[in-house]
Amino acid sequence: MRPAPKRTPEAMGAAAMRSVDETDDGAAASRSPSRRSLGALDALTFLMADVRDGIGPFLAVFLKGSQHWSSGDIGLVMGASGIAAALSQIPAGMLVDAARAKRTVIAVSSLTIALGCLAIAHSSTLLVVLAIQVMLALVAAVIPPCLAALSLGIVGHRALPARVSRNESLNHAGNFTAAAMAGLAGQYQGAIWLFYLVCFFAFASSLAVMLIRPSEIDHELARGGETVRDGKAQPLPLGRIVTRRDVWVFLATVVFFHFGNAAMLPLAGQMIAKAHPGQDLIGLSACVIAAQLVMMVTASAVGRAMRAGIGRKKIFLVALVVLPIRGLLFAATDNAYAVIGIQILDGISAGIFGVVATIIASDLMRGTGRFSFAQGAIALAVGIGAALSNLTSGFIVDRFGFGAAFCVLAFMALIALVLFAAAMPETLANIRSSSASTIIHIPPAIAAADACEGHRR
1 MRPAPKRTPE AMGAAAMRSV DETDDGAAAS RSPSRRSLGA LDALTFLMAD VRDGIGPFLA
61 VFLKGSQHWS SGDIGLVMGA SGIAAALSQI PAGMLVDAAR AKRTVIAVSS LTIALGCLAI
121 AHSSTLLVVL AIQVMLALVA AVIPPCLAAL SLGIVGHRAL PARVSRNESL NHAGNFTAAA
181 MAGLAGQYQG AIWLFYLVCF FAFASSLAVM LIRPSEIDHE LARGGETVRD GKAQPLPLGR
241 IVTRRDVWVF LATVVFFHFG NAAMLPLAGQ MIAKAHPGQD LIGLSACVIA AQLVMMVTAS
301 AVGRAMRAGI GRKKIFLVAL VVLPIRGLLF AATDNAYAVI GIQILDGISA GIFGVVATII
361 ASDLMRGTGR FSFAQGAIAL AVGIGAALSN LTSGFIVDRF GFGAAFCVLA FMALIALVLF
421 AAAMPETLAN IRSSSASTII HIPPAIAAAD ACEGHRR
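Heads up: the sequence shown runs through residues 1 to 457, numbered per UniProt numbering.
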């Protein structure tokens with residue numbers, strides 16, 4: 001009987017990687033979730049648009065117009081909540097990677113946000129509002145990675161770009177609907193109705209998520225790993241993730257992008273409130289609506305572009321070019337109609353970011369089992385940038401005016417553009433080369449260990 005040929009660790013590693021890739025491709029191709037689960041995911045994405053950020057930029061207008069807070073105090077509250085959100089993002093992502101009760105996590109989080117918004121509505125004390133905003137930031141941290149993980153676990157890697165594009169379109173449609181309702185309710189019924197709307201959407205979201213069939217969620221795929229083989233699937237050690245240069249370049253880009261972006265809309269709302277008293281809520285609603293309409297179209301266009309093979313880097317560069325232009329245009333005018341028109345540019349940059357950031361994370365983390373960790377790291381970068389943006393811009397406005405604040409934000413956005421263009425590789429190329437060789441990006445040592453274990457069995 002001829003002895004079996006000796007297998008080197010490299011050969012066993014390659015065999016293991018081919019096996020994992022073939023298993024994943026087969027799983028991705030064969031996944032056929034029910035209409036009920038897909039419809040519930042659609043409804044959840046639409047409804048959560050008005051829940052995960054509380055009342056979002058309307059908080060600044062409410063505190064400025066109804067409670068007569070200073071821009072510095074508003075910036076302090078928003079900045080503190082941003083810092084709290086930033087500190088909780090990576091733990092939240094790791095929690096989502098480990099949790100199987102993702103539907104319950106989303107339901108409980110959304111209802112908690114509703115209760116917090118009601119508490120803010122009935123209190124104008126700085127310390128109370130500050131404490132509640134920090135609590136809401138901690139709770140809301142799990143929602144974006146949970147939504148992304150549910151999407152990946154339901155449709156698989158191969159269908160994820162189309163699913164994320166659809167999610168973002170629905171998210172912007174939800175924001176558009178909520179902004180229109182908030183503007184009308186705030187203008188004719190009072191600012192308190194902004195908080196009641198959040199409660200309505202939160203309750204509806206908790207019902208929608210429970211309609212997703214738990215049996216159709218592949219929890220290994222949901223965390224960015226592969227389909228479980230023989231009941232075993234090991235995520236990549238975190239040390240391998242945090243030492244990768246492409247990960248750090250992308251996270252730094254996200255920080256500077258949101259340093260430039262986060263405070264622009266709240267500042268625009270405050271600028272309208274100052275220049276046009278009594279029209280602040282309806283004016284900010286118009287800003288949000290204009291941006292959300294464009295985001296809906298942009299998110300859909302980004303999905304089509306990716307399906308056509310256009311690289312992630314090229315698409316994201318468009319968002320990075322638009323942002324500093326928007327900041328400079330805001331600095332040049334306080335006319336309400338001009339401000340609303342300028343917000344169209346936000347629809348382009350934010351619409352692209354919402355889709356491409358998730359797909360780049362999926363590209364970078366495929367096969368590692370750390371997708372939600374990466375989502376948490378990106379959200380941490382967003383939180384750091386947003387906190388710096390709100391804290392810095394609030395104090396600049398108090399001392400130098402709105403124009404100076406917008407110029408500083410535009411400069412930060414320019415840094416993001418230069419960094420990404422010069423240092424970030426194209427992640428689509430990695431996925432293509434991976435598919436061509438039927439190998440996914442798994443460290444050879446881990447793949448070889450898996451292969452050795454399988455050979456012993």
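All C-beta atoms, glycine included, are put in the ideal place defined by N, C-alpha and C. Just so you know, these numbers come straight off a predicted model, no measurement behind them.
Just so you know, the alpha carbons of V322 and I348 end up roughly 8 Å apart. CA-to-CA, the gap between R304 and L59 works out to about 35 Å. The count of Cβ pairs closer than 8 Å, one atom from the stretch 121-141 and one from the stretch 408-415, stays below three, leaving the stretches out of contact.
Going by DSSP, N171 is part of the alpha helix (DSSP H) stretching over 160-188.
The stretch 351-363 makes contact with the stretch 297-311: 3 or more CB pairs, one atom from each, lie closer than 8 Å. When C-alpha distances from M78 are compared across G54, A180, L95, the shortest belongs to G54. In the three-state reduction of the DSSP assignment, N335 falls in the coil class, being assigned neither a helical nor a strand state.
DSSP places I154 within a helical segment (H, G or I) once states are collapsed to three.
Here DSSP, grouped into helix, strand and coil, assigns R326 to helix. Within 10 angstroms of the beta-carbon of H157 lie 16 or more other beta-carbons, which makes it buried.
Going by C-alpha positions, P237 is about 12 Å away from G367.
Check the Cα spacing between I212 and each of L41, L419, M424: the tightest is with L41.
Residue environment for V128: exposed (fewer than 16 other C-beta atoms within 10 angstroms of its C-beta). M365 is the residue among M365, R100, I90 whose C-alpha sits nearest the C-alpha of R240. In the three-state DSSP reduction, M424 falls in the coil class, being neither helix nor strand.
Residue nearest to V339 within the set I282, G394, A319, P145 is I282 (criterion: CA-CA distance). At a Cβ-Cβ threshold of 7 Å, G224 and F316 do not count as neighbours. In this structure the stretch 396-412 lies against the stretch 259-275, because at least three pairs of beta carbons, one per stretch, are closer than 8 Å.
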